[in-house]
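Colleague: Offset between the first sequence (1-based) and the working numbering: plus 581. Got a structure for you, questions after.
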Amino acid sequence: MPEKPYDHNQIELKWHDRWENADFYKAEENSSKPKFYVLEMLPYPSGTLHIGHIRNYSIGDALARYKWMRGFNVLHPMGWDAFGLPAENAAIANKVPPREWTLRNIAAMKKTHRRFAFSYDWDREVSTCEPEYYRWNQWFFLEMLKRGLAYRKRALVNWCPKCATVLANEQVVEGCCWRHDDTPVEQRALEQWFLKITAYADELLTAMSDLEEGWPERVLTMQRNWIGRSEGAEIDFKLADDGQPIRVFTTRVDTIYGATCVILAPEHPLNEQLLDAEGKARAKAMVDARANKDPGDIEKEGFFSGHYAINPFSGGQVPIWIANFVLMGYGTGAIMAVPAHDERDFEFCRKYGIAVVPVVRPLDGALAAEPGMKEPFTEYGLVENTGQWSGLTSEEARRQMAAFAKQHGFGEPAITFRIKDWGISRQRYWGTPIPVIHCPKCGVVPVPEDQLPVILPERIEITGEGRSPLENVPSFVNVNCPQCGGAARRETDTMDTFIDSSWYFYRYCDPHNSTMPFDPAKIAYWFEIDQYIGGVEHAILHLIYSRFFTKMMRDIGLIQNNEPVRRMFTQGMVIAEGKKMSKSVGNVVGADLLAGELGADTARMFVLFAAPPEKEVDWRREGAEGVYRFLGRVYRFATRNLEGAGGSGESDRKVLRKLHQTVKKITGDFETRWHFNTCIASIMELVNVLYADEAGISAAAMPQIVETLALLLAPFAPYLAQEIWEEIGNEGPVFRYPWPSFNPELAREDEAEIVVQVNGKLRARMMAAFGTSKEELAERALADEKVRAMLDGKQVVKTVVVPDKLVNFVVK
RNA sequence: GGGGCUGUGGCGGAAUUGGCAGACGCACCAGAUUUAGGUUCUGGCGUUCGAGAGGACGUAAGGGUUCAAGUCCCUUCAGCCCCACCA
582 MPEKPYDHNQ IELKWHDRWE NADFYKAEEN SSKPKFYVLE MLPYPSGTLH
632 IGHIRNYSIG DALARYKWMR GFNVLHPMGW DAFGLPAENA AIANKVPPRE
682 WTLRNIAAMK KTHRRFAFSY DWDREVSTCE PEYYRWNQWF FLEMLKRGLA
732 YRKRALVNWC PKCATVLANE QVVEGCCWRH DDTPVEQRAL EQWFLKITAY
782 ADELLTAMSD LEEGWPERVL TMQRNWIGRS EGAEIDFKLA DDGQPIRVFT
832 TRVDTIYGAT CVILAPEHPL NEQLLDAEGK ARAKAMVDAR ANKDPGDIEK
882 EGFFSGHYAI NPFSGGQVPI WIANFVLMGY GTGAIMAVPA HDERDFEFCR
932 KYGIAVVPVV RPLDGALAAE PGMKEPFTEY GLVENTGQWS GLTSEEARRQ
982 MAAFAKQHGF GEPAITFRIK DWGISRQRYW GTPIPVIHCP KCGVVPVPED
1032 QLPVILPERI EITGEGRSPL ENVPSFVNVN CPQCGGAARR ETDTMDTFID
1082 SSWYFYRYCD PHNSTMPFDP AKIAYWFEID QYIGGVEHAI LHLIYSRFFT
1132 KMMRDIGLIQ NNEPVRRMFT QGMVIAEGKK MSKSVGNVVG ADLLAGELGA
1182 DTARMFVLFA APPEKEVDWR REGAEGVYRF LGRVYRFATR NLEGAGGSGE
1232 SDRKVLRKLH QTVKKITGDF ETRWHFNTCI ASIMELVNVL YADEAGISAA
1282 AMPQIVETLA LLLAPFAPYL AQEIWEEIGN EGPVFRYPWP SFNPELARED
1332 EAEIVVQVNG KLRARMMAAF GTSKEELAER ALADEKVRAM LDGKQVVKTV
1382 VVPDKLVNFV VK
């Protein structure tokens, strides 16, 4: 039978059209199949396909297809959201209703996406711009408000002048906005809404021990550092003037006898009382300087406040200083400086000539002599000259002294976290409105549940800098108070869109529910997510937020699982021109271009082939032709051997062995590592063997070979696999057919190749039956001419034999 | 400053448990097919010495453990990522 040329367009469009409305992986709830829930980050609703998502589709799509063939129940939904708005379209964000803008793009996007990824459950599409989604965002907000998990306070916030909005701490990168790395973030004081993520700080940290198995260590480390738990004590020093307490946080209360000053952050509230006009000006200058500089470049600076504090343990008086390296946002905003036992304090005190008093000695040494101390001793040791605690170990002293402080009312053991509450207010049009009303009489009043959702007005004008465009829409702002009925103002802040991404995967399980965010029974069925695939850039933002949301929803009583994701996979980024490919950098390459040229099969397979998925991949299209050539080779081989192509049969055994070895190899790589690049490489090897031995394959063996080849290709090149599947007379989707199994007997080589080494260097090879004894192997190796020549005149000191593998002679 | 990751041909990468370094592909070279180009098929392709058979060297650099090291240990260098006056 004559071969057919590989025309990717004809094949892909044919199946694309036939599959237009098919849902191959439609979730079968309550089926007896094992559950498998793949989630991918959402496609961005921008005009061009974001190439980073091609990688998502490649990985998740291939995996879903494979899992389905292995008999798993796959929920693999597609979602649409409002975040990821291109920076250059910031104007749009303030003008076009998110919903309209998103819907406009969805239609165009679907076409391209379907060709790349048709394994989604389209019924479970969730758009986070839909009023229904707003409703449940707002419902969650009000639930949190009831429970004290949402609150409002005046706060210094990070402000991006370009976005004209507030940023969460997590969204500030090197002092700049995460979307505008050339725009320094400013500090502004605004009334802001916060979610009390700190209430879960401890659990977010300790629960991580359950995730160790399925999450990358790297991500867990980042989260641990971000949450930043440290154990210590809070101690009240007394202001010498009037006895009012100055609370400091320390992890080393055992060193408190060595505290030679107390240092306040420049923005510490007590400064208002302590400092004169000049001091206040200096403190303010420090705050401003800090906002605009790289933290690493700022030199330690400070000045004496003119006041003293009393050490509650020793009773001694120490000066109170103001210094720029003390942060108001961490601990209590005040520290006790122990220069003898802390790097920073040492540097600071030496600079300003403040006393250094050693009080901890190394376990095997003496107390450091001062003056003349060159560097602080920061490790644990034994405390000395510390009153009744002298002689204790640092650990023991820490415990006892903290307890003593509590007992006497001037302190207590304390745990401090680095993580701060999540500021969710955005002065931006693009987001879920925060559902509260400000009434001059009643204060902050929640919008009653039956009035949800509060939706965004359409067709609004951009305002000037710094205020929500919603403030200029009277029909939105002017409302009656739900409590007293009087005139009131609606909140104009909208929610951070990370709220949307924190729970959308729950909504996937029940996307059309109009009475609840989702049916708890459905969540109980699907969750936890078995496998989540996302970019590594979400390690601390999205992944901490969604863990927080899960715990919050559990405490509301909606769900039972403690964590959203059982196993987490962070894929590498796509790099172009040496930079992370992203819209704001402007180096996005349209992968649909490649797909249009060489086909979606080639584009997908090429991305998978380029590198293992956890690694970043440099986008260059040079290698794509190779993949295209390969697919053509496969197709031509299959079509010319459909029938009556019987060969001699002399190669059957060899080819079938290779076939079974390939199935074995790919199955292994799929199950354990997801190294699709080696999967594809081994299919290529197989095809090379098929070409070399084509004439020797019998008509009896050929159908099995072609069919298996189609099945092996199905996860990577579904259109081609399907086409071959049909050509050989099979019906229905190829990936509904079970993944091929391999026969270990057939996969095994007849004989083992034994490597013969002399002093660890390869000198010869020989074939031997499996299980040949060590003695016989050594004997046969010695018989080899070349080996004999190498051993001539030398003495064999030792012979190492690894059965079925190698013989090594050690000679002198 | 702290934590983590990476370093293999001209390039992307393979080597899953310490056991043949460079699978597979790109690029390049040659041959066959073709009027020619393209396509397709076949072969070559780490460096170096050698006419050849064959030898020596070779996984960032140096050292160590081992019969055997890309893989394990130590030191150094380079690059990337995260955190960063966190008391």
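Glycine residues also receive a C-beta, built at the ideal position from the N, C-alpha and C atoms.
1) Determine, using beta carbons only, whether T967 and V940 come nearer to each other than 8 Å.
2) Can you look up C1065 in the DSSP assignment and give me helix, strand or coil?
3) Where does T1075 sit, in a helix, a strand or coil, going by DSSP?
4) With 16 other CB atoms within 10 Å as the buried threshold, where does C1065 fall?
5) If we call anything under 8 Å between Cβ atoms a contact, is I592 one with W774?
6) According to DSSP, is Y1126 part of a helix, a strand, or is it coil?
7) Identify which residue in I1114, H1119, A1181 and P1101 has its Cα closest to the Cα of N1142.
8) Taking D1111 as the reference, give the member of K648, N611 and L1051 with the closest Cα.
9) With distance defined between alpha-carbon atoms, name the residue in K1001, V1155 and S708 nearest to A1192.
10) F1130: which of S1083, F885, E784 and V619 sits nearest, CA to CA?
11) Which residue marks the beginning of the beta strand (DSSP E) containing I1114, and which one marks its end?
12) Excluding sequence positions up to five away, which residues of its chain have a Cβ less than 8 Å from the Cβ of P615?
13) Which of the three DSSP states, helix, strand or coil, is assigned to E1039?
14) In this structure, what does DSSP give as the bridge partners for A1350?
15) Would you say the segment 882-893 touches the segment 904-916, given that touching needs at least three Cβ pairs under 8 Å?
16) Please classify G913: is it buried, with 16 or more other beta-carbons within 10 angstroms of its beta-carbon, or exposed?
17) For T779, which residues of its own chain have a beta-carbon under 8 Å away from its beta-carbon, when the five flanking residues on both sides are left out?
18) Drop a sphere of 10 angstroms on the beta-carbon of L1189, count the other beta-carbons inside from all chains shown, and report buried for 16 or more, exposed for fewer.
19) Where do the N-terminal and C-terminal ends of the alpha helix (DSSP H) with L1293 fall, by residue?
20) So who's on the other strand from H1019, going by DSSP bridges?
21) Taking just the CA atoms, how far does R1329 sit from P1384?
22) Need the endpoints of the alpha helix (DSSP H) that S811 sits in, please.
23) With burial defined as no fewer than 16 other Cβ atoms inside 10 Å of the residue's Cβ, what is the status of S790: buried or exposed?
24) Mind reading off the beta-carbon distance from V556 to T1151? Whole number of angstroms is fine, and I expect it under 8 Å.
25) Less than 8 Å separating the beta-carbons of V1388 and L1358?
26) Return the bridge partner residues of L656 from the DSSP annotation.
27) Looking at the strands, I want to know which residues DSSP matches up with Y889.
28) Tell me whether K865 sits in a helix, a strand or coil according to DSSP, three-state version.
29) Using 8 Å for Cβ pairs, my map puts G1228 next to I1278. What's the rounded Cβ distance?
30) For Y606, count the other beta carbons within 10 Å of its own beta carbon; 16 or more makes it buried, fewer makes it exposed. Which is it?
31) What is the DSSP secondary structure of C710, counted as helix, strand or coil?
32) Please classify P1325 as buried or exposed, where buried requires at least 16 other C-beta atoms within 10 Å of its C-beta.
33) On a Cα-Cα basis, can you pick out the residue from D1081, Y933, R931 and E965 that is closest to A947?
34) Taking its Cβ as the centre, do 16 or more other Cβ atoms sit within 10 Å of P943, making it buried, or is it exposed?
35) With distances taken from CA atoms, which of F927, Y1010 and E1052 is nearest M1076?
36) Going by beta-carbon coordinates alone, are A864 and L856 separated by less than 8 Å?
Modeller: This is what the structure holds:
1) In the first sequence, counting from the first residue as 1, residue 967 sits at position 386. In the first sequence, counting from the first residue as 1, residue 940 sits at position 359. A contact, by the Cβ cut-off of 8 Å.
2) If you number the first sequence from 1, residue 1065 lands on position 484. Three-state DSSP puts C1065 in coil, outside helix and strand.
3) Numbered from its first residue, the first sequence carries residue 1075 at position 494. It is a strand residue.
4) Stepping through the first sequence from its first residue, residue 1065 is reached at position 484. Exposed, by the Cβ-count rule.
5) Within the first sequence, residue 592 is the residue found at index 11, counting from 1. Within the first sequence, residue 774 is the residue found at index 193, counting from 1. No, the pair does not count as a contact, with Cβ atoms beyond the cut-off.
6) Taking the first sequence and counting its residues from 1, one reaches residue 1126 at position 545. In the structure shown, Y1126 sits in a helix (DSSP, three-state: H, G or I).
7) Against the first sequence, residue 1142 aligns to sequence position 561. Selected option, being the one with the closest Cα: P1101.
8) To locate residue 1111, count along the first sequence from 1; it is residue 530. Ranking the options by Cα distance to D1111, first place goes to K648.
9) One-based indexing of the first sequence puts residue 1192 at position 611. Ranking the options by Cα distance to A1192, first place goes to V1155.
10) Indexing the first sequence from 1 puts residue 1130 at position 549. Per the Cα distances, S1083.
11) Sequence index remark: in the first sequence, residue 1114 carries index 533 (1-based). Looking at the DSSP string, the run of the beta strand (DSSP E) that includes I1114 is Q1112 to G1116.
12) For the purposes of this step, residue 615 is identified with residue 34 of the first sequence, where counting begins at 1. So the list reads G652, F653 and N654, once near-sequence residues are dropped.
13) Position 458 of the first sequence, counting from 1, holds the residue named residue 1039. It is coil, neither helix nor strand.
14) The residue you call residue 1350 lines up with position 769 of the first sequence. Partner(s): E1332.
15) yes
16) Residue numbering aside, residue 913 sits at position 332 when the first sequence is read from its first letter. Residue identity differs from the one stated: residue 913 is Thr in this sequence, not Gly. When all chains shown are included, T913 counts as buried.
17) Sequence index remark: in the first sequence, residue 779 carries index 198 (1-based). The residues are F998, I1000, K1001 and D1002.
18) Stepping through the first sequence from its first residue, residue 1189 is reached at position 608. It counts as buried.
19) Stepping through the first sequence from its first residue, residue 1293 is reached at position 712. Start and end: M1283 to L1294.
20) Residue mapping note: residue 1019 aligns to position 438 of the first sequence, counting from 1. According to DSSP, which records beta bridges pairwise, H1019 is partnered with V1025 and R1070.
21) Counting from one through the first sequence, the residue named residue 1384 turns up at place 803. Counting from one through the first sequence, the residue named residue 1329 turns up at place 748. C-alpha separation (whole angstroms): 16 Å.
22) On the first sequence, position 230 is the one that residue 811 refers to. Where S811 is concerned, there is no enclosing alpha helix (DSSP H), although the beta strand (DSSP E) it sits in stretches over R810 to L820.
23) Here residue 790 is taken as the residue at index 209 of the first sequence, counted from 1. So S790 ends up on the exposed side.
24) Residue coverage of the chain in this structure runs from 582 to 1393, which leaves residue 556 outside it and unanswerable.
25) Here residue 1388 is taken as the residue at index 807 of the first sequence, counted from 1. Here residue 1358 is taken as the residue at index 777 of the first sequence, counted from 1. In this structure, L1358 lies closer than 8 Å to V1388 by Cβ.
26) Residue mapping note: residue 656 aligns to position 75 of the first sequence, counting from 1. Per DSSP, Y618.
27) Taking the first sequence and counting its residues from 1, the one referred to as residue 889 is at position 308. Per DSSP, P900.
28) Translated into the one-based positions of the first sequence, residue 865 becomes position 284. Residue state, collapsed to three classes: helix.
29) For the purposes of this step, residue 1228 is identified with residue 647 of the first sequence, where counting begins at 1. For the purposes of this step, residue 1278 is identified with residue 697 of the first sequence, where counting begins at 1. So it is a contact: roughly 5 Å between Cβ atoms.
30) Within the first sequence, the letter at position 25 stands for residue 606. Buried, because 16 or more other Cβ atoms sit within 10 Å of the Cβ of Y606.
31) Residue mapping note: residue 710 aligns to position 129 of the first sequence, counting from 1. Note: C710 maps to coil in three-state DSSP.
32) By 1-based counting over the first sequence, the position of residue 1325 is 744. With fewer than 16 other Cβ atoms within 10 Å, it is exposed.
33) Translated into the one-based positions of the first sequence, residue 947 becomes position 366. Checking every option, the nearest Cα to that of A947 belongs to E965.
34) One-based indexing of the first sequence puts residue 943 at position 362. Label assigned to P943: exposed.
35) As a first step, residue 1076 must be located in the first sequence, where it is residue number 495. Nearest option by C-alpha distance: Y1010.
36) As a first step, residue 864 is located in the first sequence; it is residue number 283 there, counting from the start. As a first step, residue 856 is located in the first sequence; it is residue number 275 there, counting from the start. Going by C-beta atoms, A864 is nearer than 8 Å to L856.
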